[in-house]
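Colleague: Residue numbers (this note's numbering): 294 to 489. For glycine and all other residues, C-beta sits at the position ideal for the given N, C-alpha and C. Here the structure is a predicted model, which is why all the values come from computation and not from measurement. Before I ask anything, here is the structure I am working with.
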């Protein structure tokens, strides 16, 4: 399965409306890349043992990365999107869905991990669930991979080369995300474990 762009009911084309008025995809992608580099710097400089990964934190991550470019940065999407024929959870339920995600998945994981295996499980659950939900209009994968690396770094582990894995073994990555619908994180755990 090749990677493709999101689809929404009224197709906007490849260029999302942006604050700079970019009309070339290359310009837009470069600005997004620079925004995520900025977010990495800020968030890793701030990271400490008191850092709490919650919805507010995730929204701030997205705002830091894409706020210079998009008015929707740091906010849940208000459009339904699909990719590769897979429809992500409807936009009208995102507040409820994300609050459930925070309560049931994210907040219980804000503790110290007694083993590497516990950390791998935590990252896999958060990673798979957030990508399955796809809360943002753009930048979901990059935001979730940044969060995975922040979780690893907070626990004293090296950064994970998730971007490389996603490109090299895209089908495995997609299957791991889709398994989250059944609360099955086994494939995502395997992926995360391979990067430790």
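Should the stretch 441–456 be regarded as contacting the stretch 404–416, the criterion being three or more beta carbon pairs within less than 8 Å?
Modeller: Contact holds: three or more Cβ-Cβ distances are below 8 Å.
Colleague: On the premise that residue 418 lies in contact with residue 478, defined as a C-beta separation below 8 Å, what is that separation, rounded to the nearest angstrom?
Modeller: Working through the chain shown from its first residue, we reach residue 478 at position 185. Working through the chain shown from its first residue, we reach residue 418 at position 125. That pair is a contact at about 5 Å.
Colleague: Taking just the CA atoms, how far does residue 451 sit from residue 480?
Modeller: Residue 480 sits at position 187 when you count from the first residue of the chain shown. Residue 451 sits at position 158 when you count from the first residue of the chain shown. Whole-angstrom Cα-Cα distance: 21 Å.
Colleague: To which residues does DSSP link residue 379 through a beta bridge?
Modeller: Within the chain shown, the letter at position 86 stands for residue 379. The partner list for residue 379 (beta bridge, DSSP) reads 376.
Colleague: Please report how far the alpha carbon of residue 449 lies from the alpha carbon of residue 337, in whole angstroms.
Modeller: Along the chain shown, one-based indexing puts residue 449 at 156. Along the chain shown, one-based indexing puts residue 337 at 44. Approximately 12 Å between the Cα atoms of the pair.
Colleague: Mind checking if residue 389 is an interface residue toward chain D, Cβ cutoff 9 Å exclusive?
Modeller: Annotation note: the requested chain D is absent from the structure, which comprises a single protein chain.
Colleague: So what's residue 364 in DSSP terms, helix, strand or just coil?
Modeller: Taking the first residue of the chain shown as position 1, residue 364 is located at position 71. In the structure shown, residue 364 sits in coil (DSSP, three-state: anything other than H, G, I, E or B).
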